[in-house]
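A short worksheet on the structure shown next.
Residue numbers (the working numbering), protein chains in the order written: chain A, 526 to 1039; chain B, 78 to 486.
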């Protein structure tokens, strides 16, 4: 872990030495930094090579931030209260003719009231296989997140290559019996190529490979009291195990591989456009006990993403985007028998059966407009809105259970930047409303008292609620001797109608942009 | 765009070879070829227990075939039970363990064998212990009630009770002992407690029971369990003590009116002040040894480097009754008793136990004179039930006449 932190700091220091202070296109404020990302349509894409053809303003920043989340209106496996202290640095520069962007974050997270999660750093909502217990618990977590993108210069006036690397390692510890320590990492490598077709037309492709591994080591503070755990198989179905005693559950492991690719089309002329489509397959195997591995389940996921984004108008003042994602996950259970023959003592797979199917669809349509976008110091006013549609439809085949919900939400915002001689103040207000269109959880199994069933009974209340969101942001940037000090405060409040709960999400950060 | 993506996905997911699960049926073909003297059973009860979930489906046989419908594909333990009487009651049973049932109409052959029904059976076992008001656990109130389920008087003299061992503590290595025909034996590595007597000293009449206490005292006493224990065992017939002894934590295990048993043999090689069996459940056997129990005959498993496996073999033919309790359904794939002794298992609610719960045998019928006949199919899964509170001499079991100190609660 120390090595990762050192590498991250070195990257930050590298960005410092390669600073953009002497660059006339440097970033001097929070507004300029956000606009830089808004206007760089290839930055969000997995295709890093596309950055070579379109300008991306170089910058560096470093901040320390606090993130807090409070309130019971949340999915049950998320913390009732989260306090997160993080140190973040990111920056971009040219190393020779290569454009380099990198970021590093260290996050120290203190969670309270995490429910139905005994052994996983985090549980994705389309993962049927996880270990749950009935004891809400604090979790302490640390994350090291390194991300780098490298785009080659344009070769032969037509071609560029890119490479993205993302390395994340996470350490978590559950505090109340059954306790556990879990270690998780993933390495994602994304090569890409972009070709200029002339007259502002570009086409690109990228590949993706991601390897993830997590191992959790459960134990007990009070070793005299064995704890019951439930190995979820999906939508409440579970079989029981225990932590403690000599025959209790051993380490649990997730092995995940993601691989896929994407294709992009871009245009830069009077308007700027990107159409970016990706397809990624993901396979995850959940097992326990590395010495005598027993496989509980396997998921195979297909993920299709699409993004069409358009900048138009004077100084790219108009921004229109449509994003979509469709994800389908199949859950396969293993029928295994323990072979206790001398010299063997291993779990042997007798058959596998597809037992569950999870699907999720999401679409977003958004528009924003910047008034005064041509000003080098950034817009004076900005306003926009977004409509979001989300649908989830999960099935467990036998005994039949189902879990589905559909939501639609709209959000609007307005922002004003006050520009002073050596500083700027950004004030943003936003409000949104979510409507639950439908939602239902039907458990068809025989153990309705299991905590895994209670999890879905509680979560469906969250996902079928209409809620109001209001929030805002204040960002102040002041220039002192070529260094810009940035102070940011953001907050959002979620209030469901008809429920006596709420959720506040806030963030405060202090840093420098240089 | 999203709709197009969804359409693409729906196309890619229409793989005709995709194995989507549906409920299936399975047929157990009962093979009676091993039965002699014309023994045959018209209708067997066949139970399918899903090893992973613990769910049980029971069905009856017809013409030697039992069909279970609506099974979830998976790993099953299958138990076949029937009874035959020609004056003597025989239990006809067979089993198949860890059977992978994954195709509709799958046939599973099970061979059945006959054994005589036991006169003496375990009627109630309280092994779990209880939790005191201060959070500490109390485990000295374990007891084992043995009932005369027959219509003839039997004698408890010389009867032995013990726990068996079959694997390491993590239940991953099944012990292999250096003995021919290992399948004919069970193995004991804890103290074997034996009821004293000259052979006719402790008669047990039909409908009567004897209670063997770990310690035959009133455990409800505030000074012992802070009143948490559900049982007063001062009326127990026997206690697994050879005399007053200090338990090591300062507590003195007094010698009570219950008759002291004899620690016949202890393969572990060291004495413990009390007979504490696992509060997560164990394999319990009642047997009458046909030869002296000798400490020189201990065996060590060939596949255990720690020698924790030291045990004495007990021929299955000498076992009168056996019951298997485990910590939970996770143990269904690794059970410890031969299926002809006990083809099933049971567990109380909490894996750490100390729940104050007991297991007791289910009632089969009640005779005209009020005597209760208990179900005995050598299958704990179906023969036993979990009780929230243990009761000594539940269902009005009789007290042997020689127990003059018993007072009904």
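Beta carbons: idealized from backbone N, C-alpha and C, even for Gly.
Where does residue 462 (chain B) land, buried or exposed, given buried means 16+ other C-beta within 10 angstroms?
The count along the second chain starts at 1 and reaches residue 462 (chain B) at position 385. It is exposed - the Cβ of residue 462 (chain B) has fewer than 16 other Cβ atoms within 10 Å.
Near-chain A residues of the stretch 193–220 of chain B - C-beta to any C-beta below 8 Å
Listed by position along the chain: 214.
Determine the DSSP secondary structure at residue 490 (chain B), reduced to helix, strand or coil.
Since the displayed chain B opens at 78 and closes at 486, residue 490 (chain B) lies outside it and no answer follows.
Exposed or buried, which one is residue 425 (chain B) when buried takes at least 16 other CB atoms within 10 Å?
Translated into positions along the second chain, residue 425 (chain B) becomes position 348. Buried, because 16 or more other Cβ atoms sit within 10 Å of the Cβ of residue 425 (chain B).
DSSP three-state label for residue 224 (chain B), please.
The sequence position of residue 224 (chain B) within the second chain is 147, counting from 1. DSSP places residue 224 (chain B) in the strand class (E or B) of the three-state scheme.
What runs of the beta strand (DSSP E), each 3 residues or longer, lie entirely inside the stretch 734–802 of chain A?
Listed in chain order, the complete beta strand (DSSP E) runs (minimum 3 residues) inside the stretch 734–802 of chain A are 752–759, 762–768 and 777–793.
Under three-state DSSP, which class holds residue 562 (chain A)?
Start at 1 with the first residue of the first chain, and residue 562 (chain A) comes out as number 37. The answer is helix: DSSP assigns residue 562 (chain A) an H, G or I state.
Between which residues of its own chain and residue 748 (chain A) is the CB-CB distance below 8 Å, once the five residues before and five after are set aside?
Stepping through the first chain from its first residue, residue 748 (chain A) is reached at position 223. Sequence-distant partners of residue 748 (chain A) (beyond 5 residues in either direction) whose C-beta falls short of 8 Å from its own C-beta, in its chain, are 769.
Under 8 Å between the Cβ atoms of residue 1029 (chain A) and residue 635 (chain A)?
As a working note, residue 1029 (chain A) is residue 504 in the first chain. As a working note, residue 635 (chain A) is residue 110 in the first chain. Residue 635 (chain A) is positioned such that its CB atom lies no closer than 8 Å to that of residue 1029 (chain A).
Counting only the same chain and skipping the five closest in sequence on each side, list residues whose C-beta sits under 6 Å from that of residue 159 (chain B).
The residue you call residue 159 (chain B) lines up with position 82 of the second chain. Result list for residue 159 (chain B): 118, 121 and 169, in chain order.
Whole-angstrom distance between residue 917 (chain A) and residue 985 (chain A), CA atom to CA atom
Start at 1 with the first residue of the first chain, and residue 985 (chain A) comes out as number 460. Start at 1 with the first residue of the first chain, and residue 917 (chain A) comes out as number 392. If I take the Cα positions, the gap works out to 11 Å.
Run down chain A in chain order and give the residues with a C-beta less than 8 Å from the C-beta of residue 177 (chain B).
Within the second chain, residue 177 (chain B) is the residue found at index 100, counting from 1. Within chain A, the residues near residue 177 (chain B) are 860, 862, 875 and 876.
When you compare the stretch 942–952 of chain A with the stretch 965–972 of chain A, are there three or more beta-carbon pairs, one atom per stretch, that lie closer than 8 Å?
Not touching, per the Cβ criterion.
Specify, as a first and last residue, the run of the beta strand (DSSP E) that residue 459 (chain B) falls within.
Taking the first residue of the second chain as position 1, residue 459 (chain B) is located at position 382. Judged by DSSP secondary structure, residue 459 (chain B) falls outside any beta strand (DSSP E) and instead within the alpha helix (DSSP H) spanning 457–460.
So who's on the other strand from residue 1001 (chain A), going by DSSP bridges?
The residue given as residue 1001 (chain A) occupies position 476 in the first chain. Answer is A:950 and A:1012, bridged to residue 1001 (chain A).
Own chain, CB closer than 8 Å to residue 396 (chain B), minus 5 neighbours either side, in chain order:
Position 319 of the second chain holds residue 396 (chain B). 263, 362, 363, 364 and 418, listed in sequence order.
Sheet register partners of residue 813 (chain A) (DSSP bridge)
Looking up residue 813 (chain A) in the first chain gives position 288. Answer by DSSP bridge pairing, in chain order: A:777 and A:819.
For residue 967 (chain A), three-class secondary structure by DSSP
Locating residue 967 (chain A) in the first chain gives position 442, where the first residue counts as 1. Correct three-state label for residue 967 (chain A): strand.
Can you tell me the Cα-Cα spacing of residue 165 (chain B) and residue 226 (chain B), whole angstroms?
Sequence index remark: in the second chain, residue 165 (chain B) carries index 88 (1-based). Sequence index remark: in the second chain, residue 226 (chain B) carries index 149 (1-based). The alpha-carbon separation between residue 165 (chain B) and residue 226 (chain B) amounts to approximately 13 Å.
Starting from residue 138 (chain B), trace the beta strand (DSSP E) in both directions and tell me its first and last residue.
Start at 1 with the first residue of the second chain, and residue 138 (chain B) comes out as number 61. That run of the beta strand (DSSP E) goes 133–139.
Give me, in chain order, the residues of the same chain whose beta-carbon lies closer than 8 Å to that of residue 142 (chain B); leave out the 5 immediate sequence neighbours on both sides.
Reading the second chain from its first residue, position 65 is the one you call residue 142 (chain B). Excluding positions up to five away in sequence, the list reads 104, 105, 106 and 107.
Straight-line gap, residue 1032 (chain A) to residue 100 (chain B) (C-alpha atoms, nearest Å)
Walking along the first chain from the start, residue 1032 (chain A) turns up at place 507. Walking along the second chain from the start, residue 100 (chain B) turns up at place 23. Separation of residue 1032 (chain A) and residue 100 (chain B) (C-alpha to C-alpha, rounded to the nearest whole angstrom) is 51 Å.
Is the stretch 240–257 of chain B touching the stretch 216–223 of chain B in the sense that three or more CB pairs, one from each, lie closer than 8 Å?
The stretch 216–223 of chain B vs the stretch 240–257 of chain B: no contact.
Who are the Cβ neighbours of residue 321 (chain B) in its own chain at under 6 Å, not counting the five residues just before and after it?
Within the second chain, numbered from 1, the residue matching residue 321 (chain B) stands at position 244. The residues are 331 and 332.
Check whether chain B comes within 8 Å of residue 766 (chain A), counting only Cβ atoms and requiring the distance to be less than that.
On the first chain, position 241 is the one that residue 766 (chain A) refers to. At a cut-off of 8 Å, the C-beta of residue 766 (chain A) has a neighbouring C-beta in chain B.
If you draw a straight line from the alpha carbon of residue 1007 (chain A) to that of residue 1039 (chain A), how long is it in whole angstroms?
Indexing the first chain from 1 puts residue 1007 (chain A) at position 482. Indexing the first chain from 1 puts residue 1039 (chain A) at position 514. A direct Cα-Cα distance of roughly 7 Å separates residue 1007 (chain A) from residue 1039 (chain A).
Name, in chain order, the residues that DSSP records as bridge partners for residue 929 (chain A).
One-based indexing of the first chain puts residue 929 (chain A) at position 404. Bridge partners of residue 929 (chain A): A:918 and A:965.
Would a C-beta distance cut-off of 8 Å place residue 592 (chain A) and residue 558 (chain A) closer than the cut-off?
Residue numbering aside, residue 592 (chain A) sits at position 67 when the first chain is read from its first letter. Residue numbering aside, residue 558 (chain A) sits at position 33 when the first chain is read from its first letter. For residue 592 (chain A) and residue 558 (chain A), no; Cβs fall outside 8 Å.
Spatial neighbours of residue 980 (chain A) within its chain, please: CB distance less than 6 Å, with the 5 preceding and 5 following residues excluded, ordered by chain position.
Reading the first chain from its first residue, position 455 is the one you call residue 980 (chain A). So the list reads 601 and 641, once near-sequence residues are dropped.
So, is residue 546 (chain A) buried or exposed, given that buried needs 16 or more other C-beta atoms within 10 angstroms?
Within the first chain, the letter at position 21 stands for residue 546 (chain A). Its pLDDT being 39, under 50, residue 546 (chain A) is placed unreliably in this model, and the value from its coordinates should be taken loosely. With fewer than 16 Cβ atoms within 10 Å of its Cβ, residue 546 (chain A) is classed as exposed.
Residues of chain A with a CB under 7 Å from the CB of residue 427 (chain B): which are they?
Counted from its first residue, the second chain places residue 427 (chain B) at position 350. Chain A residues near residue 427 (chain B): 753.
Identify the continuous alpha helix (DSSP H) that holds residue 328 (chain B) and give its terminal residues.
Taking the second chain and counting its residues from 1, the one referred to as residue 328 (chain B) is at position 251. DSSP places residue 328 (chain B) outside any alpha helix (DSSP H), giving it a letter other than H or E.
Measuring alpha carbon to alpha carbon, tell me which of A:565, A:667, A:676 and A:783 ends up nearest residue 804 (chain A).
In the first chain, the residue the question calls residue 804 (chain A) occupies position 279. Cα-wise, what sits closest to residue 804 (chain A) is A:783.
In chain order, which beta strand (DSSP E) runs of at least 3 residues are fully inside the stretch 844–905 of chain A?
Restricting attention to beta strand (DSSP E) runs no shorter than 3 residues, the stretch 844–905 of chain A encloses them at 871–896, ordered along the chain.
Can you give, in chain order, each stretch of the beta strand (DSSP E) that sits fully within the stretch 632–664 of chain A and has at least 3 residues?
Counting whole runs of 3 or more residues, the stretch 632–664 of chain A contains the beta strand (DSSP E) stretches 655–657.
Opening and closing residue of the alpha helix (DSSP H) in which residue 301 (chain B) lies
Position 224 of the second chain, counted from the start, is the residue given in the question as residue 301 (chain B). That run of the alpha helix (DSSP H) goes 299–302.
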